[in-house]
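To convert, take the position in the sequence shown, counting from 1, and add 255; that gives the working numbering. All C-beta atoms, glycine included, are put in the ideal place defined by N, C-alpha and C. For clarity, every value in this text was computed on a predicted model and none was experimentally measured. Here's the structure, in structure tokens; my notes come after.
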Amino acid sequence: MGLGSQGERERERERGGELTEESEHTLRQLHNCMPLQVRARFSICQFLC
256 MGLGSQGERE
266 RERERGGELT
276 EESEHTLRQL
286 HNCMPLQVRA
296 RFSICQFLC
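Have a look at this one:
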């Protein structure tokens, strides 16, 4: 599930679409499940984007 939804979010971001509240909630849940190393890399990606 995680990789699929992450890919969808990236395509949505490329189109310039905003994250919906539901997507934001899912993103937060995924974020909480991530190992610290992955979480740090993901945060850096969000910061650079």
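Spatial neighbours of residue i within its chain, please: CB distance less than 8 angstroms, with the 5 preceding and 5 following residues excluded, ordered by chain position.
i	result
Glu276	none
Pro290	none
Between the C-alpha atoms of residue i and residue j, what's the straight-line distance to the nearest angstrom?
i	j	result
Glu280	Arg266	The residue asked about is misnamed: residue 280 is His in this sequence, not Glu. Approximately 18 angstroms, taken between the alpha carbons.
Gln261	Ala295	16 angstroms
Arg283	Gln292	16 angstroms
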